[in-house]
Amino acid sequence: MTGKTLESKLAILSDAAKYDASCASSGSTKRDSRDGKGLGSNQGSGICHAYAPDGRCISLLKILMTNFCIYDCAYCINRVSSNVPRARFSVDEVVRLTIDFYRRNYIEGLFLSSGVIRSPDATMSDMVQIVRKLREEENFRGYIHLKTIPDAAPELIEEAGRLADRLSINVELPTDASMKTFASEKNPGQIRRAMADVRLRKEAARDKTHTGRKAPKFAPAGQSTQMIIGADGSNDAAILGESTRLYSSYQLKRVYYSAFSPIPDSTSRLPLISPPLVREHRLYQADWLLRFYGFDLKEIVSGARDGNLDLDLDPKLAWALKHREVFPVDINRADRELLLRVPGFGVKTVSRILSTRRYRSIRYEDVVRMGGSMKKAGPFVTAQGWSPGGLIDTAQLRSRFLPPPQQLSLL
Amino acid sequence: MRHIIVPDFGTAAAWRKAARACLNEGLSPADISWGSEQTERGLFDDQPAAAAAPVKMTVPRSFVELAETVCWHRDPDRFARLYAFLWRLKDAPHLIADRGDTELAHLRGMEKSVRRCQHKMKAFVRFREIGNRDDPRRSFAAWFEPTHHTLEPTADFFARRFGDMDWRIVTPEKTAIFMNGKLSFAPGQAKPELPDDASEALWLTYFRSIFNPARLKVQAMTSEMPKKYWKNLPEAATIPDLIANAPARARAMADAAPTLPPVRAEKARQQLAAHMSAWEGPKEALPAAIHACTRCPLHQNATQAVPGVGPLDAALMIVGEQPGDQEDLAGLPFVGPAGQLFDRVAEAAGLRRQEAFVTNAVKHFKFSPRGKRRLHQRPNSGEIEHCRWWLDAERALVKPKLILALGATAAEALTGTGADILRRRGTVEQLADGTPVLLAVHPSFLLRLPDPAERERQMALFEADLRRAVEMVAALAARTGRQDMAAG
Numbered sequence: 001m002t003g004k005t006l007e008s009k010l011a012i013l014s015d016a017a018k019y020d021a022s023c024a025s026s027g028s029t030k031r032d033s034r035d036g037k038g039l040g041s042n043q044g045s046g047i048c049h050a051y052a053p054d055g056r057c058i059s060l061l062k063i064l065m066t067n068f069c070i071y072d073c074a075y076c077i078n079r080v081s082s083n084v085p086r087a088r089f090s091v092d093e094v095v096r097l098t099i100d101f102y103r104r105n106y107i108e109g110l111f112l113s114s115g116v117i118r119s120p121d122a123t124m125s126d127m128v129q130i131v132r133k134l135r136e137e138e139n140f141r142g143y144i145h146l147k148t149i150p151d152a153a154p155e156l157i158e159e160a161g162r163l164a165d166r167l168s169i170n171v172e173l174p175t176d177a178s179m180k181t182f183a184s185e186k187n188p189g190q191i192r193r194a195m196a197d198v199r200l201r202k203e204a205a206r207d208k209t210h211t212g213r214k215a216p217k218f219a220p221a222g223q224s225t226q227m228i229i230g231a232d233g234s235n236d237a238a239i240l241g242e243s244t245r246l247y248s249s250y251q252l253k254r255v256y257y258s259a260f261s262p263i264p265d266s267t268s269r270l271p272l273i274s275p276p277l278v279r280e281h282r283l284y285q286a287d288w289l290l291r292f293y294g295f296d297l298k299e300i301v302s303g304a305r306d307g308n309l310d311l312d313l314d315p316k317l318a319w320a321l322k323h324r325e326v327f328p329v330d331i332n333r334a335d336r337e338l339l340l341r342v343p344g345f346g347v348k349t350v351s352r353i354l355s356t357r358r359y360r361s362i363r364y365e366d367v368v369r370m371g372g373s374m375k376k377a378g379p380f381v382t383a384q385g386w387s388p389g390g391l392i393d394t395a396q397l398r399s400r401f402l403p404p405p406q407q408l409s410l411l
Numbered sequence: 001m002r003h004i005i006v007p008d009f010g011t012a013a014a015w016r017k018a019a020r021a022c023l024n025e026g027l028s029p030a031d032i033s034w035g036s037e038q039t040e041r042g043l044f045d046d047q048p049a050a051a052a053a054p055v056k057m058t059v060p061r062s063f064v065e066l067a068e069t070v071c072w073h074r075d076p077d078r079f080a081r082l083y084a085f086l087w088r089l090k091d092a093p094h095l096i097a098d099r100g101d102t103e104l105a106h107l108r109g110m111e112k113s114v115r116r117c118q119h120k121m122k123a124f125v126r127f128r129e130i131g132n133r134d135d136p137r138r139s140f141a142a143w144f145e146p147t148h149h150t151l152e153p154t155a156d157f158f159a160r161r162f163g164d165m166d167w168r169i170v171t172p173e174k175t176a177i178f179m180n181g182k183l184s185f186a187p188g189q190a191k192p193e194l195p196d197d198a199s200e201a202l203w204l205t206y207f208r209s210i211f212n213p214a215r216l217k218v219q220a221m222t223s224e225m226p227k228k229y230w231k232n233l234p235e236a237a238t239i240p241d242l243i244a245n246a247p248a249r250a251r252a253m254a255d256a257a258p259t260l261p262p263v264r265a266e267k268a269r270q271q272l273a274a275h276m277s278a279w280e281g282p283k284e285a286l287p288a289a290i291h292a293c294t295r296c297p298l299h300q301n302a303t304q305a306v307p308g309v310g311p312l313d314a315a316l317m318i319v320g321e322q323p324g325d326q327e328d329l330a331g332l333p334f335v336g337p338a339g340q341l342f343d344r345v346a347e348a349a350g351l352r353r354q355e356a357f358v359t360n361a362v363k364h365f366k367f368s369p370r371g372k373r374r375l376h377q378r379p380n381s382g383e384i385e386h387c388r389w390w391l392d393a394e395r396a397l398v399k400p401k402l403i404l405a406l407g408a409t410a411a412e413a414l415t416g417t418g419a420d421i422l423r424r425r426g427t428v429e430q431l432a433d434g435t436p437v438l439l440a441v442h443p444s445f446l447l448r449l450p451d452p453a454e455r456e457r458q459m460a461l462f463e464a465d466l467r468r469a470v471e472m473v474a475a476l477a478a479r480t481g482r483q484d485m486a487a488g
């Protein structure tokens, strides 16, 4: 480990961190450094400072403190039985990298995770030390996302929550059974207890203290988690079921779905397929329908085959095609809940429709200007001067939305 | 016709002021020609405009916000478009909420693209350090080419973010300067030569390493980071190579044969085992869990783990050292020579072994092969420590009233030390949870004693210890029995 340059450590420890999908830097407390006594600010929404060619945004300096790890989780690049090169940052190195990157406007803040070394407490306490130094010595006011280690001591979690904006802990796989198979040393029950603990601390921090002062905020940007998709045999219904449970039980801000991707020096126990990116995308769409469009799990899964979402069509369209009796919807009369169920309409389009139709009735072209996709919505709505006719009942309706067939290659 | 020039600096506030003045004079959009400092004057610009009655109207708040953003758009028609829409609002104020209106849709589109330009500026400005790293206020500078006139409305973001350093952002039209906490603007400049910055190399390293070659999605990248910005982004220079090599890198990962775990893995596994919390599970599952144990390397050479046997409600728990050659083969504790000796003495002492729970401190046989024989080796403290987890699980399950510890290893596993067992034998020590432990030697010690007289003496002591165990169990059982009756 000695003799590695900062640059080679950075290469190893960011390579090791890239399988964590989260890069959000939004939704924390608003703060800035206009007073000249610190560095950094946090506004409502996050900023993506760069994009890598994998289409993922780079908003935070996402690194591991170390990729040494005593666990042997089959899907993980850092598992103990892998022969990838190992490195470890010192506290000062992480602090310096964060500050230097931030001052050049490369990043919104730090996403610090780590392999588990020595013991959970020792690892967590090193991580907390980094964050404490950033906040208290460097007066850093940017965003900090900290991975928590499941069975770390409560006082470490407490301090982590006061210093960081977001805490997260990954459930990794959708079922306890697959955890047992691929990450036998991790205890899913313990992970759930850790998330429950963060929720309770967050709620406790909302109450005023007995003197009437506000308690210091605990992880103001909430907690999130990640599930790996496609490593085990779980179907989409199981995955979405688990995330619904997680959202409701622990008030998570986000559940990230990460398509299982080939890793260097992988184990023979897992299939090295190209990552199921479309499936990942469909899961995110379904996740959004569940949280912002008033769908419930049963409805989304009802459009699925063998419990898996249709890869060719987005889940709302798949649902609409199976529930044609609901359509066509009259744009000028239908209520918000129903409009949200029209394929091709987003939350913004719907609120624009609602605010405009208070004054006049809406035509086909209006919806296009409001940002609705009439190519998708057309067969499912009526508007002034627009009726889909028998379109909604045609047997070929589905094929209108399918991606064009591809000519097979001769060679 | 009135010609109004809206200045390049302070554009939004100036337009707002001018528009208010025009409404006061009742000037319709057709009476005004709007221009900026760059636009040329039109042919009829200087003809006097017809005065009309002042317009009294309440301008909706959302229009003010819209105008404040659209004013920074690069379209020369922006001022005229805004005023024309404002003029329509005086008779139909609800138009501001009519997202289907063509003109509003156009203005909202302009607003969106200015906001996007601002957002991209916040994201893609890249500072280089131009001062000394150790200065009390460090100094940085950046060159940026925005699509719209967005430096002015966006500069405050940088002032809020980088409050403790001096910085300047140079664009072709304007320069924003932040010195000692004061923000000011100056005319634009040509692209300045900025000194090399060592952190930039680290940033490129980070950019290359965080990219996952197995999930190439170039379009997703370019839609959010359009190529027009690439020339001022240091990291963009690495993109073509990353894309070109990605398929080969992904293939190499898939083709690579699985490797053997490094030597370190075994050590880490032991470390992990030491930190695992207590075993939890149904009692029927315990023997199976012990059989599956890989907490220490002993499992690699042994035939099988040997869990304890006996009634789960036994009052007496007997803890030996570890399975021997015979026990390892049979999978049962105390069946080899030492076990047979134990049985003989126990019978003489009146101890009924089948009523006790019999187990070992370490569950796997540790030995060194010597020709066709396996020579017993004493487990070390690490192995005892790992296996204590199972012993604790068995204790938690059986909840014995008395534990009989045979030999130094059992003493160490239970009390923390195995020292001085010959002096401690025959004494009772208390565990943290209050369970009494009676210490005795291990029967294999008796088998190994060369001097017949000494062996005779130790055998007698051992028998006395076993007898004492029987008596203690009886006394403890009677006491709890009395307590039970008292409680009943």
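Going line by line, the protein sequences match chains U and D.
With UniProt numbering applied, the first sequence has no gaps in its numbers, which climb one by one up to 411 at the end.
With UniProt numbering applied, the second sequence has no gaps in its numbers, which climb one by one up to 488 at the end.
Backbone N, C-alpha and C fix where the C-beta goes; we use that ideal spot for every residue, glycine too.
_Neighbour-count burial assignment, Gln190(U), 16 or more Cβ in a 10 Å radius_ = That one is exposed.
*Any idea which residues DSSP pairs Phe182(U) with across the strands?*
Under DSSP, Phe182(U) forms no beta bridge with any residue.
*For Met1(U), decide whether its Cβ has a neighbour in chain D, counting only Cβ atoms nearer than 8 Å.*
Interpretation of Met1(U) is limited by its pLDDT of 47, a score under 50 that renders its predicted location unreliable; the figure taken from the coordinates is listed afterwards. Closer than 8 Å to the CB of Met1(U) there is not a single CB belonging to chain D.
*With distances taken between CB atoms, is the gap from Leu338(U) to Val329(U) smaller than 8 Å?*
For Leu338(U) and Val329(U), yes; Cβs fall inside 8 Å.
_Nearest-angstrom Cβ-Cβ length linking Val362(D) and Glu412(D), presumed shorter than 8 Å_ = A Cβ-Cβ distance of about 10 Å is found for the pair Val362(D) and Glu412(D), leaving them out of contact under the 8 Å criterion.
*Check whether the Cβ atoms of Gly142(U) and Asn67(U) lie closer than 8 Å to each other.*
The criterion of a C-beta distance shorter than 8 Å is not satisfied by Gly142(U) and Asn67(U).
*Look up Met317(D) in the DSSP assignment and give the residues it is bridged to.*
Per DSSP, Phe357(D) and Ile403(D).
*asked:* Rounded to the nearest angstrom, what separates Leu332(D) and Ser82(U) at their Cα positions?
replied: Rounded to whole angstroms, Leu332(D) to Ser82(U) spans 37 Å at the Cα level.
*Flag this pair as touching only if the stretch 445-460 of chain D and the stretch 294-310 of chain D have three or more C-beta atom pairs under 8 Å; answer yes or no.*
At 8 Å Cβ cutoff, the stretches do not touch.
*With a 10 Å radius around its C-beta and 16 neighbouring C-beta atoms as the bar for buried, classify Arg277(U) as buried or exposed.*
Position check: residue 277(U) holds Leu in this sequence, whereas Arg was assumed. Buried, because 16 or more other Cβ atoms sit within 10 Å of the Cβ of Leu277(U).
*Spatial neighbours of Val114(D) within its chain, please: CB distance less than 7 Å, with the 5 preceding and 5 following residues excluded, ordered by chain position.*
Setting aside the 5 residues that flank it on each side, Val114(D) is surrounded in the same chain by Thr69, Val70, Trp72, His73, His148 and Thr150, each with a C-beta closer than 7 Å to its C-beta; the list follows chain order.
_Measuring alpha carbon to alpha carbon, tell me which residue in Arg251(D), Lys120(D), Phe342(D) and Arg208(D) is nearest Glu224(D)._
When each option's Cα is compared against that of Glu224(D), the closest is Lys120(D).
_Only counting the same chain, and skipping five residues up and downstream in sequence, which positions put a Cβ closer than 8 Å to that of Thr148(U)?_
The answer, listed in chain order, is Met124, Ile157, Ala160, Leu167, Ser168, Ile169, Ala194 and Val198.
*Exposed or buried, which one is Gly488(D) when buried takes at least 16 other CB atoms within 10 Å?*
A caution first: Gly488(D) carries a pLDDT of 44, below 50, which makes its placement in the model unreliable, though a value can still be read off. Flag for Gly488(D) reads exposed.
*Check whether the Cβ of Glu185(U) lies closer than 8 Å to any Cβ atom in chain D.*
Yes, Glu185(U) lies at the interface with chain D (some Cβ there is under 8 Å from its Cβ).
*State buried or exposed for Lys186(U), treating a residue as buried only when at least 16 other CB atoms are found within 10 Å of its CB.*
Burial call: buried.
*Nearest CA to the CA of Gly100(D): which residue from Arg333(U), Thr356(U) and Ser25(U)?*
Looking at the Cα atoms, Thr356(U) is the closest of the given residues.
*Pick out whichever of Ala214(D), Ala159(D), Trp279(D) and Phe127(D) has its Cα sitting closest to the Cα of Glu235(D).*
Out of Ala214(D), Ala159(D), Trp279(D) and Phe127(D), Phe127(D) has the C-alpha closest to the C-alpha of Glu235(D).
*To the nearest angstrom, how far is it from the Cα of Glu355(D) to the Cα of Gln377(D)?*
Taking the Cα positions, Glu355(D) is about 30 Å away from Gln377(D).
_Beta-carbon proximity check, Ala159(D) vs Ile169(D), cutoff 8 Å_ = Result no, Cβ atoms of Ala159(D) and Ile169(D) do not sit closer than 8 Å.
*Mind pulling the beta strand (DSSP E) runs of 3 or more residues that sit fully within the stretch 179-251 of chain U?*
Runs of beta strand (DSSP E) with 3 or more residues, each lying fully within the stretch 179-251 of chain U, are found at 223-229, listed in chain order.
*Spatially closest choice to Gly382(D) from Val473(D), Asp134(D), His3(D) and Pro297(D), by CA coordinates*: Closest by alpha carbon: Pro297(D).
*Indicate whether Ser28(D) and Trp87(D) have their beta-carbon atoms separated by less than 8 Å.*
Against a cut-off of 8 Å, the Cβ pair of Trp87(D) and Ser28(D) comes out as a contact.
*Which of helix, strand or coil DSSP assigns to His376(D)*: Judged by DSSP in its simplified three-state form, His376(D) adopts strand.
*List the residues of chain D that Ala52(U) touches, going by C-beta distances under 8 Å, in chain order.*
Here the neighbours are Phe207, Ile210, Phe211, Asn212, Met221 and Leu242.
*Does the beta-carbon of Val367(U) have 16 or more other beta-carbons within 10 angstroms, so that it is buried, or is it exposed?*
It counts as buried.
*Looking at the C-beta of Lys191(D), does it have a partner C-beta in chain U at a distance below 8 Å?*
No, because no Cβ of chain U sits closer than 8 Å to the Cβ of Lys191(D).
*Which term fits Ser59(U), buried or exposed, when burial requires 16 or more other beta carbons within 10 angstroms of its beta carbon?*
When all chains shown are included, Ser59(U) counts as buried.
*Decide yes or no for the touch test of the stretch 130-142 of chain U against the stretch 89-97 of chain U: beta carbon pairs closer than 8 Å, at least 3 of them.*
Using a Cβ-Cβ distance cut-off of 8 Å, the stretch 130-142 of chain U and the stretch 89-97 of chain U are in contact, since at least three pairs of beta carbons, one from each stretch, lie closer than that value.
*Selection of the stretch 310-323 of chain U by Cβ proximity to chain D, strictly under 7 Å*: Against chain D - using a Cβ distance shorter than 7 Å - the stretch 310-323 of chain U contributes no residues.
*Using a C-beta cutoff of 8 Å, does Asp232(U) count as contacting chain D?*
Asp232(U) does not count as touching chain D.
*Taking Cβ to Cβ, would you say Thr181(U) is nearer than 8 Å to Ala238(U)?*
In this structure, the beta-carbon distance from Thr181(U) to Ala238(U) does not fall below 8 Å.
*How is Phe101(U) classed by DSSP in three states: helix, strand or coil?*
Helix.
*Thinking C-beta only, is Glu152(D) closer than 8 Å to Phe9(D)?*
Yes, these two residues count as a Cβ contact at 8 Å.
*Please decide whether Ser199(D) counts as near chain U, where near means a Cβ-Cβ distance under 8 Å.*
Closer than 8 Å to some Cβ of chain U, the Cβ of Ser199(D) qualifies, so yes.
*Rounded to a whole number of angstroms, what is the C-alpha to C-alpha distance between Ile63(U) and Val116(U)?*
Their Cα atoms are separated by approximately 14 Å.
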